[in-house]
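Structure record follows, encoded as structure tokens.
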């Protein structure tokens, strides 16, 4: 089994809004929002077969972080994000091993797609009267040390409108002790962007 050094991505958000030039230009029409999600239950270790839940609620009334204005984002064509898992070796390197046994189950929202190796899923929030919600169950059946990440949370727009694509900066509510314990075991430290996006999991 080969392994490679951990290269945790710095996400560069590009607003590809995609309107035709003969119509009203789209410059400045993409929205940037914050979104907070959590992983539960919070345990020091999990047993094979335990279920973790990634959940979050995004209100329809959102503050655009780049323009500081409140936006009614009702009627989205879909708020989606990628939930992925990487398994680490004892030196903190990501193993080139995507064949571990993991199952994604959507209790609220839905799973649109999983990768061929099934170590990542594209999940979509469900729309309610006041908000969008996601509760995604993750069942890890193999022992190991994992990093869970949520990336590329976005919406392609509001139904029937143009130039209103939304991109969300994700923050995971990680207890410091979880990543702190993982840092001790791996002998490395996570920077602030990594702490906002990653969740350490020990399955034993």
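In this note's numbering, the protein residues as written are 1389 to 1592. Note that CB positions come from ideal geometry on N, CA and C, so glycine has one too.
Taken atom to atom, the span from the alpha-carbon of residue 1499 to that of residue 1515 is near 14 Å.
Buried is the label assigned to residue 1497, since at least 16 other Cβ atoms lie within 10 Å of its Cβ. Per DSSP, the continuous alpha helix (DSSP H) segment holding residue 1584 begins and ends at 1580-1585. By the CB criterion at 8 Å, residue 1423 and residue 1587 fall outside the cutoff.
The stretch 1465-1475 and the stretch 1513-1531 touch, with no fewer than 3 CB-CB distances between them shorter than 8 Å.
Only residues of its own chain outside the window of five on either side were considered, and among them 1448, 1450 have a CB closer than 6 Å to the CB of residue 1461, listed in chain order. Among the bridge pairs identified by DSSP, residue 1535 is matched with 1474, 1588. In the three-state reduction of the DSSP assignment, residue 1518 falls in the coil class. The Cβ atoms of residue 1592 and residue 1433 lie closer than 8 Å to each other. In this structure, DSSP gives residue 1426 an extended state, which the three-state scheme calls strand.
Taking C-beta atoms under 8 Å as the contact rule, residue 1494 and residue 1511 qualify, at a distance of about 6 Å. Judged by DSSP in its simplified three-state form, residue 1550 adopts coil rather than helix or strand. In the DSSP annotation of this structure, residue 1464 is not part of any beta strand (DSSP E), being labelled neither H nor E.
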